[in-house]
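Residue numbering for the sequence shown follows our numbering, beginning at 42 and increasing consecutively.
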Amino acid sequence: MESAKPGRGFWVTTAILALIALGGVLYFWMIPTVEPWLPPEGGHPGDQVDWLFRFMASSAAVLYTFVLGYIIYFAIAYRRHKSDPDDALGVNVHDNNKLELTWTVVPLLFVLLLSVLSIRIWYALQVQPNNGLVVESIGRQWYFTFRYPGVNGEVTDEMHLPVGVPVTLNVTSQDVIHSFWVPDMRLKADMIPGMINTLRFTPTRVGRYKIICTEFCGTGHSTMDKQIMVVQPAAQYQVWYRGWQMRNANASNAIPTVTSGAISLAGGNVAAGKALFSQKCSACHALGPFTQRIVGPGLLGVLHDPTHPNLVDGDPATTANVAKILQNGYTGSIGHMPNQAQNGLSNKDIANLVAYLNTLK
Ligand code: HEC
Ligand SMILES: [Cu+2]
């Protein structure tokens, strides 16, 4: 029987494992300098999130290397030799209090340390007020919209932010669960109907960052990665912000829901309808003939084309029937036309849109 005292082989193994572990630690701390898969962080506390990731990953590399390395080493060093009898027993070790205390207390302290570090970053990311710009984002099938203080209605293309200014971002959804993800900012929050989740951060690098939905939300989910968070110098941001203030001057602030019953079309404002159309409809509808499709059909002749007497749902092309499609949505052979709530339309918006569509020929 061999001695239970570690021999030279044990110390050589330990040295080799220490070298491998050191390699693992260096690897994780040098990301993203040496590894392009982690994009450089665009903001704070994204930098802290990365720090925590590096810390956890390099600790895990050390643990993994030593645990696995020693399992392999001991299996080889203390195997049964050919010369041992078939029923040879190993050394039985009982009740080593010092050892048991060590392997309980050390991991306990380490796990506590990890939780303290994680909770601090979670607190900065979701709870700690930052008195900065408050922006809202609403998830819809299948795009995001944004609300800014001082801008009527919703911003429907990109999300712009001034660099260096703290942001409180409140997210929710109007239809199904989506998830708001900006990998470069290390930001992710579920968008849940009827609930508001908050992300707090400060963009620190000018640039264009993808906003991606990471929760399967229907057949269009995979296309929900087209919008961008644009971080820019304050002066440029102001130009963009004033542009949307003007563009949305006539937009309604009402929280849109599906209403029942016919919508009154009296007093529809063509100019307001035109502005709304470019925000909410032009991504899917061209101002061309019925056959000129984007997602939905071209709408140039929707109310005044003799070759297009009926709407897609078979009803005659009248203003009341167009309003009905805007109210209820319609899914047919061409695709899915979102309803009033999904498009974020108030009754007034629908009256304005129909007034505008009625001028197209
Ligand atoms: C996500 C894409 C999408 C958006 C956004 C969208 N539509 Fe549609 N729309 C469609 C599709 C697809 C159809 C055809 C549905 C079918 O028949 O299969 C349609 C059909 C229509 C029709 C019926 C056309 C006809 O000739 O019968 C009208 C009118 C219409 N949409 C107006 C609008 C307006 C106004 C907006 C903006 C508030 C809008 N749509 C936003 C996809 C969209
Ligand atoms: Cu989604």
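Quick reminder that beta carbons are idealized off the backbone N, C-alpha and C, glycines included. Remember, it's a predicted structure, so these values are computed and weren't measured experimentally.
Rounded Cβ spacing between residue i and residue j (contact assumed at less than 8 angstroms)
{"i": "Asn-388", "j": "Ile-304", "result": "5 angstroms"}
{"i": "Thr-243", "j": "Val-206", "result": "7 angstroms"}
{"i": "Gly-342", "j": "Pro-330", "result": "6 angstroms"}
{"i": "Gly-337", "j": "Leu-328", "result": "Wrong, their Cβ atoms sit about 12 angstroms apart, outside the cutoff."}
{"i": "Leu-93", "j": "Gln-167", "result": "About 15 angstroms; that fails the 8 angstroms criterion."}
{"i": "Val-395", "j": "Gly-309", "result": "6 angstroms"}
{"i": "Asn-399", "j": "Ala-313", "result": "Wrong, their Cβ atoms sit about 13 angstroms apart, outside the cutoff."}
{"i": "Asp-198", "j": "Leu-317", "result": "That belief does not hold up - the Cβ atoms of Asp-198 and Leu-317 are roughly 14 angstroms apart, past 8 angstroms."}
{"i": "Val-208", "j": "Val-176", "result": "6 angstroms"}
{"i": "Leu-60", "j": "Phe-107", "result": "Leu-60 to Phe-107, Cβ: 12 angstroms. No contact."}
{"i": "Ala-62", "j": "Val-103", "result": "4 angstroms"}
{"i": "Gln-268", "j": "Phe-151", "result": "Between Phe-151 and Gln-268 the Cβ distance is about 41 angstroms, and since that is not below 8 angstroms, they are no contact."}
{"i": "Ala-414", "j": "Leu-306", "result": "In this structure the chain extends from 42 to 402, so residue 414 is not present and cannot be described."}
{"i": "Lys-89", "j": "Ile-160", "result": "As written in the sequence, residue 89 is Gln, which differs from the Lys given in the question. Not quite, the Cβ-Cβ distance comes to about 12 angstroms (not below 8 angstroms), so this is no contact."}
{"i": "Ala-118", "j": "Gly-64", "result": "At roughly 23 angstroms, the Cβ-Cβ gap does not stay under 8 angstroms, so Ala-118 and Gly-64 are not in contact."}
{"i": "Thr-245", "j": "Gly-84", "result": "5 angstroms"}
{"i": "His-345", "j": "Lys-402", "result": "4 angstroms"}
{"i": "Val-311", "j": "Tyr-397", "result": "5 angstroms"}
{"i": "Arg-95", "j": "Ile-72", "result": "7 angstroms"}
DSSP-derived helix/strand/coil call for residue i
{"i": "Val-247", "result": "coil"}
{"i": "Lys-402", "result": "coil"}
{"i": "Phe-221", "result": "strand"}
{"i": "Met-232", "result": "strand"}
{"i": "Phe-151", "result": "helix"}
{"i": "Thr-260", "result": "coil"}
{"i": "Asn-384", "result": "helix"}
{"i": "Met-265", "result": "coil"}
{"i": "Ile-391", "result": "helix"}
{"i": "Thr-143", "result": "helix"}
{"i": "Leu-67", "result": "helix"}
{"i": "Ile-253", "result": "strand"}
{"i": "Val-53", "result": "helix"}
{"i": "Asn-238", "result": "strand"}
{"i": "Gly-48", "result": "coil"}
{"i": "Val-271", "result": "strand"}
{"i": "Gly-87", "result": "helix"}
{"i": "Glu-43", "result": "Note that Glu-43 has pLDDT 45, beneath the 50 cutoff, so the model's placement of it is unreliable and no number is given."}
Item to complete: Jot down the residue ranges of each uninterrupted beta strand (DSSP E) in the segment 156-216, minimum 3 residues, whole runs only, in chain order.
Response: Listed in chain order, the complete beta strand (DSSP E) runs (minimum 3 residues) inside the segment 156-216 are 174-181, 184-188, 200-203 and 208-214.
Practice prompt. Measuring from each Cβ to the nearest heavy atom of ligand 2, keep the ones under 5 angstroms and list them in chain order.
Written response: Every residue passing the under-5 angstroms Cβ criterion appears here: His-219, Cys-254, Cys-258 and Met-265.
Item to complete: Determine, using beta-carbon pairs with one atom in the segment 206-224 and one in the segment 175-182, whether at least three such pairs fall under 8 angstroms.
Response: Remark: three or more beta-carbon pairs, one from each stretch, lie closer than 8 angstroms, so the segment 206-224 and the segment 175-182 are flagged as touching.
Item to complete: Jot down the residue ranges of each uninterrupted beta strand (DSSP E) in the segment 294-333, minimum 3 residues, whole runs only, in chain order.
Response: Counting only runs of 3 or more, we get nothing.
Worksheet item: If you scan the segment 327-375 from start to end, which runs of the alpha helix (DSSP H) of 4 or more residues do you find wholly inside it?
Response: Taken in chain order, the whole alpha helix (DSSP H) runs of length 4 or more contained in the segment 327-375 are 360-369.
Practice prompt. Specify whether the segment 362-374 and the segment 273-286 touch according to this definition: at least 3 beta carbon pairs, one from each stretch, less than 8 angstroms apart.
Written response: The segment 362-374, when compared against the segment 273-286, does not touch it at the 8 angstroms Cβ threshold.
Worksheet item: Can we say the segment 122-141 touches the segment 77-86, given the rule of at least three CB pairs closer than 8 angstroms?
Response: Contact fails: fewer than three Cβ-Cβ distances are below 8 angstroms.
Discussion item. So, does the segment 152-163 touch the segment 223-241, judging by three or more C-beta pairs under 8 angstroms?
Written reply: For the pair of segments examined, the segment 152-163 was found not to touch the segment 223-241: the number of CB pairs separated by less than 8 angstroms stays below three.
Worksheet item: Can we say the segment 189-208 touches the segment 59-73, given the rule of at least three CB pairs closer than 8 angstroms?
Response: Verdict: no, contact absent.
Worksheet item: Counting Cβ pairs, one atom from each stretch, are 3 or more of them under 8 angstroms apart for the segment 194-203 and the segment 260-275?
Response: Yes, since at least three Cβ pairs between the segment 194-203 and the segment 260-275 fall closer than 8 angstroms, the two stretches touch.
Practice prompt. For the segment 247-264 and the segment 162-176, state whether three or more C-beta atom pairs, one from each stretch, are separated by less than 8 angstroms.
Written response: No, because fewer than three Cβ pairs between the segment 247-264 and the segment 162-176 fall closer than 8 angstroms, the two stretches do not touch.
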